[in-house]
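*Asks:*
Numbering (the working numbering), first residue to last: 1037 to 1296.
#1: Ignoring anything shorter than 3 residues or poking outside the stretch 1124–1163, list the beta strand (DSSP E) runs there in chain order.
#2: Taking residue 1110 as part of the alpha helix (DSSP H), name the residues at either end of that continuous run.
#3: Distance, Cα to Cα, residue 1272 vs residue 1099?
#4: Do residue 1207 and residue 1260 have their C-beta atoms within less than 8 Å of each other?
#5: Should residue 1249 and residue 1234 be called a contact, given that it needs their Cβ atoms to be closer than 8 Å?
#6: Going by other Cβ atoms of all chains shown within 10 Å of its Cβ, with 16 needed for buried, is residue 1292 buried or exposed?
#7: May I ask you to list the residues that DSSP assigns as paired with residue 1297?
#8: Less than 7 Å between C-beta atoms, sequence neighbours within five positions excluded: which residues of the same chain meet that for residue 1236?
#9: Residue 1296: buried (16+ other C-beta within 10 angstroms of its C-beta) or exposed?
#10: Taking buried to mean at least 16 other C-beta atoms within 10 Å of its own C-beta, is residue 1142 buried or exposed?
#11: Around the C-beta of residue 1157, are 16 or more other C-beta atoms found within 10 angstroms, so that it is buried, or is it exposed?
#12: Looking at the unbroken beta strand (DSSP E) that takes in residue 1252, where does it start and where does it end?
#13: What is the DSSP secondary structure of residue 1269, counted as helix, strand or coil?
#14: In terms of residues, what are the limits of the beta strand (DSSP E) holding residue 1084?
#15: Taking the alpha-carbon positions, what's the residue 1267 to residue 1239 distance?
#16: Check whether the stretch 1067–1080 and the stretch 1121–1130 are in contact - that is, three or more C-beta pairs closer than 8 Å.
#17: Looking only at its own chain, which residues have a Cβ that is under 6 Å from the Cβ of residue 1074, when we skip the five neighbours before and after it?
#18: Comparing alpha-carbon positions, which option in 1253, 1191 and 1135 lies nearest residue 1091?
#19: If you measure between the beta carbons of residue 1086 and residue 1139, is that distance less than 8 Å?
#20: Helix, strand or coil, according to DSSP, for residue 1096 in the structure here?
#21: If we count Cβ pairs, one from each stretch, closer than 8 Å, do we get three or more for the stretch 1163–1181 versus the stretch 1099–1110?
#22: Run the CB neighbour count on residue 1174, radius 10 Å, all protein chains shown included, and call it buried at 16 or more, exposed below.
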């Protein structure tokens, strides 16, 4: 069966550019932290004609993340058809997969594959389709488009920044969702005790951009929304920002990435 399915990619055939579909990444911006894992879905849109086989490659920056595993998505496994799914594990910096249905084809859309990455170093880089071949039951290649402007962002941990006051273990910036974000995000943080606490956004030069809270607050978990605007109500530019929570028992900070 494996040899038979591989012939899909070996045989010569025509190409129907008029029959267009789409391959995309979900989410378009996948985020993780150094030492943590994130997953990314490769999705295929519904096709004008039934699809029998797909081969694709997505390039990533292996200095920022490592590819831990590739698994067939539900579009493949739940089709009720025999299938062949193969990933190429030795291609550094690329997620390369090929699949084919052995006894049928699918016209609906869904998750074709799922990739699992682990963050290695802080930074951001593009995720780019560098190969896409989609073929119908007659082995004719279909003119599929791919998503663009996809990226992988690896953030550092959300521990206090070097040089700031030491924070008690219970004083923490827990993160934000989503991160990266556009245009708004929700910040989560934990306070160790009641008192006057300040929450503010700073740029990477240490200038305060927005004051989100300054007053009495109870101990425990809190959330605040930042709409990507400064104290004057103006939208700020894209880039890295810091959220700092400070009060009577110290301060803690975390990083945010605003995409524009």
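Heads up, the beta-carbon is just placed ideally off N, CA and C, and yes, glycines get one too.
*Replies:* Once the coordinates are examined:
#1: Entirely contained in the stretch 1124–1163, the beta strand (DSSP E) runs reaching 3 residues are, in chain order, 1130–1137 and 1146–1155.
#2: Looking up residue 1110 in the chain shown gives position 74. First-last of the alpha helix (DSSP H) with residue 1110: 1110–1113.
#3: Here residue 1272 is taken as the residue at index 236 of the chain shown, counted from 1. Here residue 1099 is taken as the residue at index 63 of the chain shown, counted from 1. Each residue's Cα considered, the two are about 29 Å apart.
#4: Residue numbering aside, residue 1207 sits at position 171 when the chain shown is read from its first letter. Residue numbering aside, residue 1260 sits at position 224 when the chain shown is read from its first letter. Not closer than 8 Å, so no.
#5: Reading the chain shown from its first residue, position 213 is the one you call residue 1249. Reading the chain shown from its first residue, position 198 is the one you call residue 1234. Going by beta carbons, residue 1249 and residue 1234 fall inside the 8 Å limit.
#6: Within the chain shown, numbered from 1, the residue matching residue 1292 stands at position 256. Buried is the call here.
#7: Absent from the model: residue 1297. The displayed extent of the chain is 1037 to 1296, so no value can be given.
#8: Locating residue 1236 in the chain shown gives position 200, counting from the first residue. Only 1244, 1246, 1247, 1248 and 1280 meet the Cβ criterion.
#9: Locating residue 1296 in the chain shown gives position 260, where the first residue counts as 1. The residue in question, residue 1296, is exposed, as its Cβ has fewer than 16 Cβ neighbours within 10 Å.
#10: Position 106 of the chain shown, counting from 1, holds the residue named residue 1142. Classification of residue 1142: buried, given that the 10 Å Cβ count is 16 or more.
#11: Position 121 of the chain shown, counted from the first residue, corresponds to residue 1157. Burial call: exposed.
#12: In the chain shown, the residue the question calls residue 1252 occupies position 216. For residue 1252, the uninterrupted beta strand (DSSP E) segment begins and ends at 1244–1253.
#13: Against the chain shown, residue 1269 aligns to sequence position 233. Of the three classes helix, strand and coil, the one that applies to residue 1269 here is coil, per DSSP.
#14: In the chain shown, counting from the first residue as 1, residue 1084 sits at position 48. First-last for residue 1084: undefined, no H or E at that position.
#15: Position 231 of the chain shown holds residue 1267. Position 203 of the chain shown holds residue 1239. Pairing residue 1267 with residue 1239, the inter-Cα distance amounts to about 13 Å.
#16: no
#17: Here residue 1074 corresponds to residue number 38 of the chain shown, with the count starting at 1. The answer, listed in chain order, is 1066, 1068 and 1153.
#18: Locating residue 1091 in the chain shown gives position 55, where the first residue counts as 1. Among 1253, 1191 and 1135, the Cα nearest to that of residue 1091 belongs to 1135.
#19: Within the chain shown, residue 1086 is the residue found at index 50, counting from 1. Within the chain shown, residue 1139 is the residue found at index 103, counting from 1. No, the Cβ-Cβ distance between residue 1086 and residue 1139 is not below 8 Å.
#20: The sequence position of residue 1096 within the chain shown is 60, counting from 1. In the structure shown, residue 1096 sits in coil (DSSP, three-state: anything other than H, G, I, E or B).
#21: The stretch 1163–1181, when compared against the stretch 1099–1110, does not touch it at the 8 Å Cβ threshold.
#22: Position 138 of the chain shown holds residue 1174. It counts as exposed.
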